[in-house]
Amino acid sequence: MPVATLRIWEQRYNAVRPSTRASGHRLYSAADVERVTLLRRLTQQGQPIGLLAPLSTDQIRDLLLGRDGAASTDRVDAHAIPMRIVVVGQPLAARLRRFARRSPQRRLLQLVAVFDSLKEALKVERVSSEGRVDLLLWQAGTLQPGAVNELLSAQDAWAAHQAAVVYRFSSAGVRSDLVAAGAEVLQEPADDEELGRWLANVARNVVERATERHGAASVFDREPAAPRFSELGLTEFASLSSSMACECPGHVAQLLLQISSFETYSSECLNRNEADAQLHAYLRGVAGAARTLFEAALERVALAEGLPLPGGSSMTAPA
Numbered sequence: 000m001p002v003a004t005l006r007i008w009e010q011r012y013n014a015v016r017p018s019t020r021a022s023g024h025r026l027y028s029a030a031d032v033e034r035v036t037l038l039r040r041l042t043q044q045g046q047p048i049g050l051l052a053p054l055s056t057d058q059i060r061d062l063l064l065g066r067d068g069a070a071s072t073d074r075v076d077a078h079a080i081p082m083r084i085v086v087v088g089q090p091l092a093a094r095l096r097r098f099a100r101r102s103p104q105r106r107l108l109q110l111v112a113v114f115d116s117l118k119e120a121l122k123v124e125r126v127s128s129e130g131r132v133d134l135l136l137w138q139a140g141t142l143q144p145g146a147v148n149e150l151l152s153a154q155d156a157w158a159a160h161q162a163a164v165v166y167r168f169s170s171a172g173v174r175s176d177l178v179a180a181g182a183e184v185l186q187e188p189a190d191d192e193e194l195g196r197w198l199a200n201v202a203r204n205v206v207e208r209a210t211e212r213h214g215a216a217s218v219f220d221r222e223p224a225a226p227r228f229s230e231l232g233l234t235e236f237a238s239l240s241s242s243m244a245c246e247c248p249g250h251v252a253q254l255l256l257q258i259s260s261f262e263t264y265s266s267e268c269l270n271r272n273e274a275d276a277q278l279h280a281y282l283r284g285v286a287g288a289a290r291t292l293f294e295a296a297l298e299r300v301a302l303a304e305g306l307p308l309p310g311g312s313s314m315t316a317p318a
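Residue numbers (numbering that gives the first Met the number 0): 0 to 318.
Here it is in structure tokens:
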């Protein structure tokens, strides 16, 4: 498996967390290897890594194997992925635990940390292995001016995808400011079931937004398919068009050679730091996606011109 893909899975999605030597080399345990292998098989089936990464290894294994032991091709239910929550407010955390014990939605809630106040949440130094959280949920007795800045600071500190507030008393102006800042806001209900339904809606919104972001970049983040044509085959194919009026086959073959070389170069390029590694992984993904498109273009050109495909395959133009 390419190093670039492992780096993306680790740094962007927290899908695997190997230990690191002082030299910077990563050390993968047997459990890490199993997890990566399972994730690799599911992503090859078309599952998005952004939705798989939050799952435990047991959940990933169950998803892949299914009840009968056969490989499963069912797609991940985005709404069934546990939502990682940092809760500010011990009473609210107690309510969530109580709700989780008797609700079929209990798997949707994973309390990462609980604090008494936003200031306390800001003072605690995050442990990098905890990974990114989905929701920072704040229980506020009253909401005063300045609440927005405090909440956003805590959200940034925990790199939470979403911030939400459950309050008892607040002015309309403060609530409007929170909503304008992108926070979810709810007046604290007495009913645990109502609180759970609201939280489930927040979870769906968080996952759908994350899915949209990952979907937009997935063509570059996923592992590119293996090259269909060899360098020798493309070189020979490019020479076939020299006697033809249309030179498109040769141009497409030459472009494929260049794109494939750049794809290899990006994967082998030296990285000065983690930012370099991410950039080169991105460039490799872009090159791989472009190569796949041009391979399809070459096949179409060969079909139109009645030329043999690189590697000995041949195609006949339809009548």
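A virtual CB, placed ideally from N, CA and C, is assigned to each residue, including glycine.
* To do: Might you give, ordered along the chain, the residues of its own chain that have their beta carbon closer than 8 Å to the beta carbon of residue 188, omitting 5 neighbours on each side?
  => 194, 197
* To do: Tell me whether the beta-carbon of residue 262 lies closer than 8 Å to the beta-carbon of residue 290.
  => yes
* Asked: According to DSSP, is residue 187 helix, strand or coil?
  -> coil
* Helix, strand or coil for residue 318 per DSSP? -> Low confidence applies here, because residue 318 scores a pLDDT of 35, under 50, leaving its location unreliable; read the following figure in that light. In the structure shown, residue 318 sits in coil (DSSP, three-state: anything other than H, G, I, E or B).
* Exposed or buried, what is residue 283 when buried is set at 16 or more other beta-carbons lying within 10 Å of its beta-carbon? -> Buried, by the Cβ-count rule.
* **Simplified DSSP assignment, three categories, for residue 195** => helix
* Mind checking who residue 164 pairs with in its DSSP beta bridge? => Residue 164 is bridged to 137, 184.
* Asked: When the Cα of residue 7 is compared with those of 177, 88, 276, 173, which residue comes out closest?
  -> 276
* Outcome for residue 269 when other beta-carbon atoms lying within 10 angstroms are tallied against a minimum of 16 -> exposed
* Might you give, ordered along the chain, the residues of its own chain that have their beta carbon closer than 7 Å to the beta carbon of residue 39, omitting 5 neighbours on each side? => 0
* 8 Å Cβ cutoff met for residue 229 and residue 309 -> yes
* Sequence ranges, alpha helix (DSSP H) only - wholly within the segment 243-270, length at least 4 -> 247-267
* Could you tell me if residue 3 is buried or exposed, where buried requires 16 or more neighbouring beta carbons within 10 angstroms of its beta carbon? => buried
* Three-state class that DSSP yields for residue 142 in the structure shown -> strand
* To do: Quick one: grab the DSSP three-state call for residue 110.
  => strand
* With burial defined as no fewer than 16 other Cβ atoms inside 10 Å of the residue's Cβ, what is the status of residue 115: buried or exposed? -> exposed
* To do: Compute the distance between the beta-carbons of residue 117 and residue 149, then report whether it is under 8 Å.
  => Pairing residue 117 with residue 149 gives a Cβ-Cβ distance under 8 Å.
* Does the Cβ of residue 46 have 16 or more other Cβ atoms within 10 Å, making it buried, or fewer, making it exposed? -> buried
* Among residues of its own chain, excluding the 5 on either side of residue 173, which ones have a beta-carbon nearer than 8 Å to its beta-carbon? -> 142, 143, 144, 146, 147
* **Start and end residues, beta strand (DSSP E) containing residue 86** => 82-87
* Asked: Which partner residues of residue 169 appear in the DSSP bridge assignment?
  -> 142
* Please go through the same chain and pick out, in chain order, the residues whose beta-carbon is closer than 6 Å to the beta-carbon of residue 256, but skip the five residues on each side of it. => Excluding positions up to five away in sequence, the list reads 233.
* Unbroken stretches of the alpha helix (DSSP H), 4 residues or longer, contained in the segment 270-312 -> 273-304
* Asked: Using a Cβ-Cβ distance under 8 Å, would residue 263 count as near chain B?
  -> Checking the listed chains, one finds no chain B in this structure; it contains a single protein chain.
* Select from 192, 191, 164 the residue whose C-alpha is nearest the C-alpha of residue 181. => 164
* Out of 19, 14, 23, state which residue places its alpha-carbon closest to the alpha-carbon of residue 42. => 14
* Asked: How would you label residue 248, buried or exposed, when you count the other beta carbons within 10 angstroms and need 16 or more for buried?
  -> Per the 10 Å Cβ criterion, buried.
* **C-beta contact flag for residue 87 and residue 159 at 8 Å** => Residue 87 places its beta carbon 8 Å or farther from that of residue 159.
* Limits of the alpha helix (DSSP H) - the one that residue 11 falls within -> That residue, residue 11, is in no alpha helix (DSSP H); it is neither H nor E in DSSP.
* Alpha carbon to alpha carbon, what distance is there between residue 121 and residue 25? -> Here the C-alpha atom of residue 25 lies approximately 30 Å from the C-alpha atom of residue 121.
* **Anticipated Cβ contact below 8 Å, residue 133 with residue 161, distance rounded** => 7 Å
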